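Numbering-wise, the sequence shown is residues 1 to 393 according to UniProt numbering.
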Amino acid sequence: MPAPNRPVHEPPRRPPDWKNMPVLDGIAELKRHLHTAMLVELYTIPLYLFAAYSIIPGASEPTAFSAILGIVRQEMLHLGLAGNILRAIGGKPLIYGPGITPHYPVDLFYHQTVKMDLKSATKDHIGVFVAVEAPVEGPAEIVSASLGSEIGILSNYGSIAEFYEETRNGLNIVSNKYTVENPGKTIWDNSEAGNQFQASDGSWHSSDMLAIRDLKSADDSIELIIEQGEGAMLGSSSTANYGPSHWEIFKTIHEGPELDCYTVVKNPVTSDYEKSVPKVYKVMLASDAVYSYLLLTMEKLWQHEGTVEERNPIVQANMRDLMGQIMKPFAEFLVTLKVDETVHAAAPFNLYTFKKGSSACEQLKTLFKEAVQAYGKLGDLQKWIDALIDIEI
1 MPAPNRPVHE PPRRPPDWKN MPVLDGIAEL KRHLHTAMLV ELYTIPLYLF
51 AAYSIIPGAS EPTAFSAILG IVRQEMLHLG LAGNILRAIG GKPLIYGPGI
101 TPHYPVDLFY HQTVKMDLKS ATKDHIGVFV AVEAPVEGPA EIVSASLGSE
151 IGILSNYGSI AEFYEETRNG LNIVSNKYTV ENPGKTIWDN SEAGNQFQAS
201 DGSWHSSDML AIRDLKSADD SIELIIEQGE GAMLGSSSTA NYGPSHWEIF
251 KTIHEGPELD CYTVVKNPVT SDYEKSVPKV YKVMLASDAV YSYLLLTMEK
301 LWQHEGTVEE RNPIVQANMR DLMGQIMKPF AEFLVTLKVD ETVHAAAPFN
351 LYTFKKGSSA CEQLKTLFKE AVQAYGKLGD LQKWIDALID IEI
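Printed below as a string of structure tokens:
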């Protein structure tokens, strides 16, 4: 069996000595940490979506499905905030492309290596989610069956929350140190605020999606990510109340009854189905293109040179509608199809690499047309596909 995949990006392996390193090295290390933070969020989104759509509608407690989708929405918020902070200190958020876009299975990033697979929402698999979101290291009895033999990439971090706390610590030290060494200057580039996701561009329904302009907004955003994901760290003085954490929600689902799920393909590779089930393959390929177009759109919006108001139609058509009106029906339809007598298909969440030199949007529309030719029911999504805005590759 092949070893789990690892991203090309090499995240930090140990907490840096923020106080003693040169300030420019500190900024470079912060960029590495924030890119890693984006990857952590990016990898959990397909992981949780895949499991959620494996749940048979009406056969299980519906709150489990809704709860997982609610977590995914918050992971999208966290991805946006981590990218915003990186953008605000002069970094370039990247989420689309080989070695960056998630590829499963993959080892999680801290020392109790948790193998992340795309698979049905069984009790054991929900236990992996508990381990992923655990505030410290996760209950050993839940994660033991899922541990790999290799050392995780974030080898000296006990949890995602601990990693974020260290990133916050670095931001405080490096930001203040830079200002002391460069009076009147700051590491925060306010001119980049138009290149960030924020509530006013329609990317989020509340002020939680902040454009990062200074240390306080960055600090507040990281606190929100930690509190929503893992809950307060042991010894934390936080008094914020963001509701049950992801860890608490998954723990509740894990302690409940087994969910009724489709037996779906595990870690599907779309190209594997081209010859065996060509009609299903066309739908899977179009689904990959839709997912990849979402990532491409987000990446380009961090490079957007126009006003916040000019972002709105792109955010609406290529993010909100694409996720809610296109990706969701694709995923729900795919699990009703079969790749053999006993195993159902699923949205693969594979990278689709759009060819340069031609419109990515038109490439997506061509793949969608082929999927509709295979299964006419997908034609109901045509108006949403037609509304997509072209994004330069």
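Ideal Cβ positions, reconstructed from N, Cα and C, are used throughout, including at glycine. Here the structure is a predicted model, which is why all the values come from computation and not from measurement.
Residues near S203 in its chain [Cβ-Cβ closer than 6 Å; skip 5 each side]
F197, M209, V315
Alpha carbon to alpha carbon, how far is A286 from Y262? Give it in angstroms, no decimals.
21 Å
Going by DSSP, what residue range makes up the alpha helix (DSSP H) through E181?
160–181
Look at I85 and I212 and say whether their C-beta atoms are less than 8 Å apart.
yes
For E162, which residues of its own chain have a beta-carbon under 6 Å away from its beta-carbon, when the five flanking residues on both sides are left out?
none
With 16 as the cutoff for other CB atoms within 10 Å, does E341 come out buried or exposed?
exposed
Coil, strand or helix - E141 by DSSP:
Note that E141 scores a pLDDT of 42, beneath 50, so its modelled location is shaky; the value from the coordinates is reported in the next line. The answer is helix: DSSP assigns E141 an H, G or I state.
Contact between the region 356–369 and the region 284–298: three or more CB pairs below 8 Å?
yes
Along the alpha helix (DSSP H) that carries H35, what are the first and last residues, could you check?
23–54
Could one say the Cβ of P244 lies closer than 8 Å to chain D's Cβ atoms, at least one of them?
Here there is only one protein chain, and chain D is not present.
Please report the straight-line C-alpha distance between P244 and A218, rounded to a whole angstrom.
22 Å
Considering only their Cβ atoms, is the gap separating N318 from I389 smaller than 8 Å?
yes
One question on the structure: do A67 and A121 come within less than 8 Å of each other, judged by their Cβ atoms?
no
Hey, G170 and H78: beta-carbon distance below 8 Å or not?
no
Counting only the same chain and skipping the five closest in sequence on each side, list residues whose C-beta sits under 6 Å from that of S221.
L81, L210
E150 - DSSP class collapsed to helix/strand/coil:
Residue placement at E150 cannot be trusted, given a pLDDT of 42 that sits under 50; the coordinates are not used to answer.
Considering only the alpha carbon of each residue, which of M21, F349, I126 lies closest to K251?
I126
Local Cβ density within 10 Å of Q74, reported as buried at 16 or more and exposed below that
buried
Could you say if the region 172–185 and the region 33–45 meet the contact criterion of at least three C-beta pairs nearer than 8 Å?
no
Taking only heavy atoms of the ligand COA into account, decide whether any of them is closer than 7 Å to the Cβ of K177.
Absent from the structure shown: the ligand COA. Ligands present: none.
Have a look at L47 and E223 and give me their C-alpha separation to the nearest angstrom.
23 Å
Under a Cβ-count criterion, where at least 16 other Cβ atoms within 10 Å of its own Cβ denotes burial, should H344 be classed as buried or exposed?
buried
State the start and end residues of the unbroken alpha helix (DSSP H) segment that holds V264.
Segment: none, V264 is in no alpha helix (DSSP H) and carries neither H nor E.
Would residue 413 pass as a contact of I173 if the rule is Cβ separation under 8 Å?
Here the chain covers residues 1 to 393 and nothing more, so residue 413 does not appear.
Provide the residue span of the alpha helix (DSSP H) that contains I85, from first to last.
62–88
Can you tell me whether E41 is buried or exposed? The criterion is at least 16 other CB atoms within 10 Å of its CB, across all chains shown.
buried
Exposed or buried, which one is E227 when buried takes at least 16 other CB atoms within 10 Å?
buried
Classify H103: buried if its beta carbon has 16 or more other beta carbons within 10 angstroms, exposed otherwise.
buried
Residue range of the alpha helix (DSSP H) that F368 falls in?
360–374
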